[in-house]
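J.:
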Amino acid sequence: MFGTGKQKDNLVLEDRLLIRKFNHGNRQVLGRVYEKYKDDLVTLAVALLFDKNTAEDAVHDVFVSFIKSCGKLRVTESLKGYLATCVANSARNKMKVLERHHSVGLDEVAPISAESNSPDLSAMFAEQSQSMAYALRQLPYQQREVILLHLYTGLKFRTIAKSQGESINTIQGRWRYGLAKLRSLLNSEVEK
Amino acid sequence: MRPAENIGKLIKKLHTAASAELDKKVYSEISKALAEDKKSAAVGPSVWRIIMKSKLTKLAAPAVVIVAVLIGVNRFGGSIDVASVALGNVLERIEQSQAFTYRMKMTMTGVMMPGTPSGKRVMDGTVVISNSYGMKMEMTMTDANTGREEMTQQMYVLPDQKVMFMVMPEQKKYTRMEFDDDLLARMKKQNNDPREMVKQIMNCRYTELGRSVIDGVEVEGFRTTDTSFSGGAIEDVNVTLWVDVEQWLPVRTEMDFKMNEQMEMSGVVYDYQWNVQVGASEFEPVIPEDYTAFPTDGMKMPSITEEAAVEGLKFFAEIVGQYPKKLNLINLMQEFSAIKDSEHPTEAALKLREEMKQMQKEENIEKAVDMMRPVQSLGMFYMTLLQDRKDPAYYGDSVLPGDADRVLMRWKISDDQYRVIFGDLTAETVSAQQLAELEKQPGE
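Protein sequences appear in the order of chains E and P. Note that the numbering used here numbers the first sequence so that position 30 is 18, with each residue one more than the last. Note that the numbering used here numbers the second sequence so that position 287 is 513, with each residue one more than the last.
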């Protein structure tokens, strides 16, 4: 998870320093950035795609561009938000490729693992998260994406809307529908 | 708890670790990128690029300016020549305060060194001074044009230990510098210390501005534009001190300095708090375990002696091929760094460049700092001569290295005696009459 409370403040401060070095082309920080966020980014990608290999490909692609853009690109916002948005974009692209292959809409595409014989949910998430993973998997992709970017990564709706070129109303609509569906799927756990 | 919050908590429990295979792939990309960097570094940036680009230089350049201002502006003055009851009262009241704090904001505008873009940097600082423990300053430097914070640092001056610490949290670095006795004696008396500010104003021609009100406090103003405020080290000076007319303690100090043609500095010292309670622990540098020392850790501050000044002149002439035209600290640094654009570098400059190409980056920084030290010594020595009103003169614009018959620099050491450094860098003590002969221009 991306950090909470006092720990979150420290992380933000460290992020600021990492961004500054990154913007100045100091590639020594890349290892630290990767170590700091790799698990969170892989988790996000897996929760979007439900296929660990494809998810890791998405994270790998993001880091390859991130490394190349060091000193050329200026990150001005949260580093975690920036990377999470990139991973979400990369994951979406991979889903679109799949969409083209199957000639169906993004939200009709089943999670990759359903078709690719990749390991099941238990191989991807710990037992305590199995039901949540299962519920997420039932959501249309776009709703799942908004839920994860907002709740797991902590991105604001405005930021998500901007990164996806959608209106904030559209994003909030996906959030509401997604949340309602999750709630019904997880009824017993949510009410605990 | 609301369902959305519960769902959020459950989602945050999701965790999948990156595989060793992904680690391997990403680190391979990072290694490739770092290898490229190393390769381009091996091509060898010039010594000047290293000096200009190193973090330490970015730190050191403003620091030199600050040191220049600290020493130049607030140096412990000599006897107070001008009687002033009002300012005398202020001084007396300040001296009753064993510990005090204040804040300052300095804005530096212009070109700090040739080849670097003109910029505007704002330094915000909070200072605590204790007669018992020393000085602590926390400072943030911001690029005023972009609003980006460039550096934060904490500085500790510990007179009893004769050391100064600088801690740089962003870099997780610190450095420790030792003073020689001479600089220590001066540092003990300065650091934007309002006592010295008042003494300096009292030593200058100043005007009383009359009453005004600042933040609801009735104040009286004293202004000086006398360049002897900085011992002539700054071209234009405009300093205004506002004191509370009930407490007779400073409320605000405003400063505008034109350092030279390329650089200006303005600042304000405010939020003075008098007789504050401080403990020894506040002045103990906090250096977390994971912080590492700069390669310059333990380096000495520039000496302010005749020998160090001669060494500075010699070094400057070897590298640049001539003596500096002016000994103002800022000019000196600018003139010295201008050599990077020289179409005809000296053999020494070329050799130095070659040496630095062979070195590792860390060694380069060390070398750059070492290199600047004698030049700084020279500037600081001349500045103290000016401030001590020792009738100094410098003729670097017309005297060439090796000119054994010409006075390069001189200053008064007693009523009838002067110390002279000649163009060949030998030094002698001469009488005022002999000096007059030596300084005669041909045909006079």
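Don't be surprised by glycine CBs; every beta carbon is placed ideally from N, CA and C.
Using the Cα positions of TRP663(P) and LEU651(P), report the straight-line distance between them to the nearest angstrom.
T.: A quick correction: the sequence has Glu, not Trp, at residue 663(P). For GLU663(P) and LEU651(P), the distance between alpha carbons rounds to 19 Å.
J.: With 8 Å set as the bound, which would you pick, yes or no: does the beta-carbon of PHE145(E) sit closer than that to a beta-carbon of chain P?
T.: Chain P, which has no Cβ nearer than 8 Å to the Cβ of PHE145(E), makes this no.
J.: How many Å lie between GLY298(P) and PHE455(P) at the Cα?
T.: Note on GLY298(P): pLDDT 38, under 50, position unreliable in the model; no value is reported.
J.: Label ALA244(P) either buried or exposed according to how many other C-beta atoms from any shown protein chain fall within 10 Å of its C-beta, with 16 as the threshold for buried.
T.: Flag for ALA244(P) reads buried.
J.: Measuring straight from C-alpha to C-alpha, what distance separates TYR517(P) and GLU510(P)?
T.: C-alpha separation (whole angstroms): 15 Å.
J.: Could one say the Cβ of ALA243(P) lies closer than 8 Å to chain E's Cβ atoms, at least one of them?
T.: For ALA243(P), the answer is yes, since a Cβ of chain E falls inside 8 Å of its Cβ.
J.: If you drop the 5 nearest sequence neighbours on each side, which residues of the same chain put their C-beta closer than 7 Å to that of ASP642(P)?
T.: Once the five neighbours on either side are set aside, the close Cβ partners of ASP642(P) are SER657, ALA658.
J.: I think TYR549(P) touches LEU634(P), with their Cβ atoms under 8 Å apart; what is that distance to the nearest whole Å?
T.: Confirmed, Cβ separation roughly 7 Å.
J.: For GLY493(P), return the contacting residues in chain E, with the cut-off set at a CB-CB distance below 8 Å.
T.: Neighbours of GLY493(P) on chain E: none; closest Cβ ~25 Å, over 8 Å.
J.: Please list the partners that VAL75(E) has in chain P, where partner means a Cβ-to-Cβ separation under 8 Å.
T.: Correct list: empty, because the minimum Cβ distance to chain P is about 12 Å.
J.: The beta strand (DSSP E) with VAL211(P) in it runs from where to where?
T.: Within the shown structure, residues of chain P are numbered from 227 to 670, placing residue 211(P) beyond reach of any answer.
J.: Compute the beta-carbon to beta-carbon distance between VAL348(P) and LYS331(P), rounded to the nearest angstrom, for a pair I have assumed lies under 8 Å.
T.: Correct: roughly 7 Å between the Cβ atoms.
J.: Pull up the CB-CB distance for PHE391(P) and ARG374(P), whole angstroms please, since I reckon it's below 8 Å.
T.: Not quite, the Cβ-Cβ distance comes to about 26 Å (not below 8 Å), so this is no contact.
J.: If we cut at 8 Å on Cβ distances, does ILE237(P) have a partner in chain E?
T.: Yes, ILE237(P) lies at the interface with chain E (some Cβ there is under 8 Å from its Cβ).
J.: Count the other CB atoms within 10 Å of the CB of GLN152(E); is the residue buried (16 or more) or exposed (fewer)?
T.: Under this definition GLN152(E) is a buried residue.
J.: If you reduce the DSSP assignment to three classes, tell me which class ASP641(P) lands in.
T.: Coil.
J.: Is it buried or exposed for TRP163(E), if we count other Cβ within 10 angstroms and need 16 for buried?
T.: So TRP163(E) ends up on the buried side.
J.: Which of the three DSSP states is assigned to ASP249(P) in this structure?
T.: Three-state result, ASP249(P): helix.
J.: Can you find the residues in the same chain that come closer than 7 Å, C-beta to C-beta, to VAL443(P), ignoring five residues on each side of it along the sequence?
T.: Result list for VAL443(P): ASP470, VAL477, in chain order.
J.: For GLY234(P), return the contacting residues in chain E, with the cut-off set at a CB-CB distance below 9 Å.
T.: Neighbours of GLY234(P) on chain E, chain order: HIS138, LEU139, TYR140.
J.: Given that a residue counts as buried once 16 or more other Cβ atoms are within 10 Å of its Cβ, and exposed if not, what is GLU247(P)?
T.: Its Cβ having fewer than 16 others within 10 Å, GLU247(P) is exposed.
J.: Name the chain B residues that come within less than 7 Å of THR31(E), Cβ to Cβ?
T.: Considering every chain present, this structure includes no chain B. Its protein chains are E and P.
J.: Going by DSSP, what residue range makes up the beta strand (DSSP E) through MET403(P)?
T.: First-last of the beta strand (DSSP E) with MET403(P): 399 to 404.
J.: Using a cut-off of 9 Å between C-beta atoms, extract the partners of ALA259(P) located in chain E.
T.: Here the neighbours are ARG15, LEU18, ILE55, LYS56, CYS58.
J.: Cα-Cα, which of THR466(P), LEU384(P), GLN426(P), GLU376(P) is closest to ALA506(P)?
T.: Nearest of THR466(P), LEU384(P), GLN426(P), GLU376(P) to ALA506(P), Cα basis: LEU384(P).
J.: How far does the beta strand (DSSP E) with PHE326(P) in it reach, from first residue to last?
T.: Element bounds for PHE326(P): 325 to 336.
J.: To the nearest angstrom, how far is it from the Cα of THR242(P) to the Cα of TYR253(P)?
T.: So the alpha carbons of these two residues sit roughly 19 Å apart.
J.: Is there a Cβ from chain P that is less than 8 Å from the Cβ of ASP27(E)?
T.: So yes, ASP27(E) belongs to the interface.
J.: SER117(E) touches chain P at which residues, Cβ-Cβ below 8 Å?
T.: The contacting residues are LEU236, LYS239, LEU240, HIS241.
J.: Just the C-alpha distance for TYR328(P) and THR352(P), rounded to the nearest angstrom, thanks.
T.: Cα to Cα, TYR328(P) sits roughly 6 Å from THR352(P).
J.: Are the beta-carbon atoms of GLY336(P) and MET489(P) separated by less than 8 Å?
T.: In contact: GLY336(P) and MET489(P) (Cβ atoms closer than 8 Å).
J.: Do CYS58(E) and PHE10(E) have their C-beta atoms closer together than 8 Å?
T.: Taking 8 Å as the Cβ cut-off, CYS58(E) and PHE10(E) qualify as a contacting pair.
J.: If you follow the alpha helix (DSSP H) that PRO420(P) is part of, which residue opens it and which one closes it?
T.: Unbroken alpha helix (DSSP H) run through PRO420(P): 420 to 428.
J.: Please tell me whether VAL477(P) has its Cβ less than 8 Å away from any Cβ of chain E.
T.: VAL477(P) does not count as touching chain E.
J.: Round the Cβ separation of ILE55(E) and ALA259(P) to the nearest angstrom and send it over; I've been treating them as touching at under 8 Å.
T.: Their Cβ separation, rounded to whole angstroms, is 5 Å, which keeps ILE55(E) and ALA259(P) in contact under 8 Å.
J.: Select from TYR359(P), CYS430(P), THR466(P) the residue whose C-alpha is nearest the C-alpha of GLU446(P).
T.: Taking only the C-alpha atoms, the option nearest GLU446(P) is THR466(P).
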